[in-house]
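Residue numbers (the numbering used here), protein chains in the order written: chain A, 1 to 327; chain B, 328 to 654.
Yeah, the Cβ is synthetic: ideal placement off N, Cα and C, and Gly gets one too.
Protein chains: 2
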Amino acid sequence: MADVAREAHVSGQTVSRVSNGRDNVDAETRERVLAAMHKLGYRPNSAARALRTGRFHSIGVIMFTLSSFGNMRTLDAIAIAAADAGYSITLIPVPHPTLGEVSVAFDRLSEEAVDGVIIIVEAHLLDESDVVLPAGLPVVVVDSTAADRYPMVDTDQAHGARLATEHLLSLGHRTVWHVAGPERSYSATHRREAWESTLRAHGADVPPVLVGDWSSESGHEVGLELARNPDVTAIFTANDQMALGVLRALHEAGRAVPGEVSVVGFDDMEESRSFWPPLTTVRQFFGEVGRLSVEELLQEVESGERGGSTLVATELIVRESTARPPA
Amino acid sequence: MADVAREAHVSGQTVSRVSNGRDNVDAETRERVLAAMHKLGYRPNSAARALRTGRFHSIGVIMFTLSSFGNMRTLDAIAIAAADAGYSITLIPVPHPTLGEVSVAFDRLSEEAVDGVIIIVEAHLLDESDVVLPAGLPVVVVDSTAADRYPMVDTDQAHGARLATEHLLSLGHRTVWHVAGPERSYSATHRREAWESTLRAHGADVPPVLVGDWSSESGHEVGLELARNPDVTAIFTANDQMALGVLRALHEAGRAVPGEVSVVGFDDMEESRSFWPPLTTVRQFFGEVGRLSVEELLQEVESGERGGSTLVATELIVRESTARPPA
DNA sequence: CCGTAGCATGTTTACGTGAACATGCGCCAG
DNA sequence: CTGGCGCATGTTCACGTAAACATGCTACGG
Chain A
1 MADVAREAHV SGQTVSRVSN GRDNVDAETR ERVLAAMHKL GYRPNSAARA
51 LRTGRFHSIG VIMFTLSSFG NMRTLDAIAI AAADAGYSIT LIPVPHPTLG
101 EVSVAFDRLS EEAVDGVIII VEAHLLDESD VVLPAGLPVV VVDSTAADRY
151 PMVDTDQAHG ARLATEHLLS LGHRTVWHVA GPERSYSATH RREAWESTLR
201 AHGADVPPVL VGDWSSESGH EVGLELARNP DVTAIFTAND QMALGVLRAL
251 HEAGRAVPGE VSVVGFDDME ESRSFWPPLT TVRQFFGEVG RLSVEELLQE
301 VESGERGGST LVATELIVRE STARPPA
Chain B
328 MADVAREAHV SGQTVSRVSN GRDNVDAETR ERVLAAMHKL GYRPNSAARA
378 LRTGRFHSIG VIMFTLSSFG NMRTLDAIAI AAADAGYSIT LIPVPHPTLG
428 EVSVAFDRLS EEAVDGVIII VEAHLLDESD VVLPAGLPVV VVDSTAADRY
478 PMVDTDQAHG ARLATEHLLS LGHRTVWHVA GPERSYSATH RREAWESTLR
528 AHGADVPPVL VGDWSSESGH EVGLELARNP DVTAIFTAND QMALGVLRAL
578 HEAGRAVPGE VSVVGFDDME ESRSFWPPLT TVRQFFGEVG RLSVEELLQE
628 VESGERGGST LVATELIVRE STARPPA
């Protein structure tokens, strides 16, 4: 900066003013400074700036392995929304979802140069974790239920599960079987509860729940079981990947989809429309979730006002994996 | 820090030494300082530290939309490898893969607090872009070919494509059709070239190339065309998602897989084993690519030594979508 | 018994920036 | 004509840290 000041025959303070786009600089002086900055290849030092202002213009994101489709889409939206607001994203990975790892991530967090944090971690770990997040650091929780402690943004899981279940019932199925996600997942629990309450509200029987781990492979395993049961005519799986496994199991068992069995997924991943048959599913608006969580966080960072919880609605996408039950 | 020093009756410098784990501090003093740090909830200020040391302990990652399966896996591995080395990841998203956006990202980069950058962007954009990366900033390029300007780490695309093509030929297919990725993609080009040269090496005809855009939907479109052609008995698609679309098209056309037509993909995404039928494909080791790119980058950051290019081998995963051609 | 080496610790300083305050000049109202 | 006001610009200083150098004490060999 000093070099630029010398080159442009001004003081460092004036360079700073130009660099920050203040308007109380004479047009001619500004030009001279800009020319000098360009000539010398000047780049503001973000560390010094952060030290002086106390703002890092960066948002931390704590998340487990990115390999979950939904997390990735959410992260993508967060990154874009943050960039639009002039913030960058600092990833704080948690390689294994154990309590210890989460604690380590939180600890590391306190030394990270971030103005706020978005946490995309199963809530039960948050609850069990006695590690305290650095005080005064704004936090937004996604896909979880720590709403009592922090603002939360999430897909309206219950709404989606109800849409899926009611769609199948309205086609004439007597009841709907459910392939749930892992017990410890809050979103899996929400979907399962909404499925169950929807069945009860319509006076349908509630069949036993089959539990997977979100993977297509686990969907295949429980799908083999469902395929053997001739009573099963409608299946709601808690995500699209498990639906893929269920479809494969049904094909292997020679049960026609949707002729004999209808299947509905959850997520609407890009590939779902190319499943065989194309999958009827509940679309989640991950982009919206990411956008809103950044909005919420930045509001707290910049104005100190803390918002409440926000749920993002879902949409049922009807494709070709659902039909009326066999006569 | 001053508060901690006062609390522990030592100088700030001693606090700094404890904070950095230097060993030239008396055990008793260290205990006293640690106690004071804990009591006061002291957290080192990373901005000041970065200002003083010139190191940010952060790696920038420039990438397009995360929604590509492979990029995500790579990013995940980068994040974990970086965390292991004590670095965090700063994401610099490029919402749209246009020249302008890339320039903006590079510009933004120069103000980011990073010690080095990993670029996961189609190389043709790098080549066309006249934006100069900040001089002196270590760069590693992934999934691209700017090897002449920067070290590169990538999957051995040609090796994988050869494995896939030879697998089909060795099953007895007269030739292999290819569904390529977009023309401007270097990895798509490499796979296509290797497929073609493998066919030639084996004296097989080279059928016309069909081009998709990596999406399962585009795979479905070109798949419909292939399904109509009775000469087609073996298809190598440039990624698994397009293979999914091709499978769907073949099902719709009533052509048995692998009875009439064999299909091989590329990537080995988690879902591929649950396709119908489970997909024979070329596995990419994204984790290895990510790990190596961090290793290469940090070597340059910390020792100034710049390495060369590294290719990561692939592995053919034979499942149930390939068989001998019909008699 | 003294000189010195080695070690724990303290003091000073600079990293690059922007806020706060200071300066100097031109212009306008009284 | 003069006092004061507004505006562009300059000067000073502190943000929190760690490197470089300084200090003072202990221990050990000649």
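My assumption, with CB atoms under 8 Å, is that residue i sits in contact with residue j. Please give the rounded CB distance.
{"i": "G265 (chain A)", "j": "T281 (chain A)", "result": "4 Å"}
{"i": "A404 (chain B)", "j": "V616 (chain B)", "result": "7 Å"}
{"i": "S216 (chain A)", "j": "E598 (chain B)", "result": "5 Å"}
{"i": "A583 (chain B)", "j": "L551 (chain B)", "result": "Between L551 (chain B) and A583 (chain B) the Cβ distance is about 16 Å, and since that is not below 8 Å, they are no contact."}
{"i": "E439 (chain B)", "j": "G381 (chain B)", "result": "Going by Cβ atoms, the distance from E439 (chain B) to G381 (chain B) rounds to 14 Å, so no, they are not a contact pair."}
{"i": "V153 (chain A)", "j": "S293 (chain A)", "result": "4 Å"}
{"i": "R618 (chain B)", "j": "D595 (chain B)", "result": "With 8 Å as the limit, R618 (chain B) and D595 (chain B) do not qualify as a contact, their Cβ atoms being about 17 Å apart."}
{"i": "P151 (chain A)", "j": "R306 (chain A)", "result": "6 Å"}
{"i": "G443 (chain B)", "j": "P465 (chain B)", "result": "4 Å"}
{"i": "G219 (chain A)", "j": "T237 (chain A)", "result": "6 Å"}
{"i": "G287 (chain A)", "j": "R73 (chain A)", "result": "7 Å"}
{"i": "P652 (chain B)", "j": "H494 (chain B)", "result": "Between H494 (chain B) and P652 (chain B) the Cβ distance is about 13 Å, and since that is not below 8 Å, they are no contact."}
{"i": "G181 (chain A)", "j": "N239 (chain A)", "result": "7 Å"}
So residue i is in the beta strand (DSSP E); what residue range does that whole segment cover?
{"i": "T281 (chain A)", "result": "280-283"}
{"i": "F236 (chain A)", "result": "234-237"}
{"i": "D267 (chain A)", "result": "262-267"}
{"i": "E642 (chain B)", "result": "642-644"}
{"i": "S88 (chain A)", "result": "88-94"}
{"i": "D154 (chain A)", "result": "152-155"}
{"i": "S58 (chain A)", "result": "58-64"}
{"i": "G443 (chain B)", "result": "443-447"}
For chain B, check one thing: does any of its Cβ atoms lie closer than 8 Å to the Cβ of residue i?
{"i": "S162 (chain A)", "result": "Residue identity differs from the one stated: residue 162 (chain A) is Arg in this sequence, not Ser. No, no contact with chain B."}
{"i": "S88 (chain A)", "result": "yes"}
{"i": "F56 (chain A)", "result": "yes"}
{"i": "I317 (chain A)", "result": "no"}
{"i": "S197 (chain A)", "result": "no"}
{"i": "L244 (chain A)", "result": "yes"}
{"i": "M72 (chain A)", "result": "yes"}
{"i": "G219 (chain A)", "result": "yes"}
{"i": "L226 (chain A)", "result": "no"}
{"i": "A188 (chain A)", "result": "no"}
{"i": "R43 (chain A)", "result": "yes"}
{"i": "R184 (chain A)", "result": "no"}
{"i": "E288 (chain A)", "result": "no"}
Near residue i, which residues of its chain fall below 6 Å by C-beta distance, leaving aside the five closest residues on each side in sequence?
{"i": "V15 (chain A)", "result": "M1, V4, A5, V33"}
{"i": "A79 (chain A)", "result": "I89"}
{"i": "M63 (chain A)", "result": "N71, I120"}
{"i": "F396 (chain B)", "result": "M596"}
What first and last residue would you give for the alpha helix (DSSP H) that runs through residue i?
{"i": "L34 (chain A)", "result": "27-40"}
{"i": "L311 (chain A)", "result": "Per DSSP, L311 (chain A) belongs to no alpha helix (DSSP H); it is in the beta strand (DSSP E), 310-312."}
{"i": "D403 (chain B)", "result": "396-411"}
{"i": "A329 (chain B)", "result": "329-335"}
{"i": "W504 (chain B)", "result": "Run containing W504 (chain B): none in the alpha helix (DSSP H); it sits in the beta strand (DSSP E), 504-507."}
{"i": "Q301 (chain A)", "result": "The sequence given here places Val at residue 301 (chain A); Gln does not occur at that position. Where V301 (chain A) is concerned, the enclosing alpha helix (DSSP H) stretches over 286-303."}
{"i": "V328 (chain A)", "result": "Past the edges of chain A, shown from 1 to 327, lies residue 328 (chain A), and the structure says nothing about it."}
{"i": "V102 (chain A)", "result": "99-111"}
Only counting the same chain, and skipping five residues up and downstream in sequence, which positions put a Cβ closer than 8 Å to that of residue i?
{"i": "P721 (chain B)", "result": "Outside the modelled stretch of chain B, which goes from 328 to 654, sits residue 721 (chain B), for which no answer is possible."}
{"i": "E334 (chain B)", "result": "A363, K366, L367"}
Is residue i close to chain A, meaning its C-beta is less than 8 Å from at least one C-beta of that chain?
{"i": "D481 (chain B)", "result": "no"}
{"i": "H365 (chain B)", "result": "no"}
{"i": "E597 (chain B)", "result": "yes"}
{"i": "S648 (chain B)", "result": "no"}
{"i": "I562 (chain B)", "result": "no"}
{"i": "S589 (chain B)", "result": "no"}
{"i": "Q568 (chain B)", "result": "yes"}
{"i": "I419 (chain B)", "result": "yes"}
Quick one: residues in its chain with C-beta nearer than 7 Å to the C-beta of residue i, no 5 flanking neighbours on either side, listed in chain order?
{"i": "D483 (chain B)", "result": "L638, V639, A640, T641"}
{"i": "R489 (chain B)", "result": "A521, T525"}
{"i": "V559 (chain B)", "result": "W504, L553, V588"}
{"i": "L169 (chain A)", "result": "V176, H202, A204"}
So is the beta-carbon of residue i under 7 Å away from any non-hydrogen atom of the ligand HEM?
{"i": "G100 (chain A)", "result": "This structure lacks the ligand HEM; in fact it carries no ligand of any kind."}
*Does the stretch 239-247 of chain A touch the stretch 622-632 of chain B, meaning 3 or more C-beta pairs lie closer than 8 Å?*
no
*asked:* Would you call the stretch 495-512 of chain B in contact with the stretch 530-549 of chain B, where contact means no fewer than 3 C-beta pairs closer than 8 Å?
replied: yes
*Counting pairs of Cβ atoms below 8 Å between the stretch 188-196 of chain A and the stretch 225-234 of chain A, do you hit three or more?*
no
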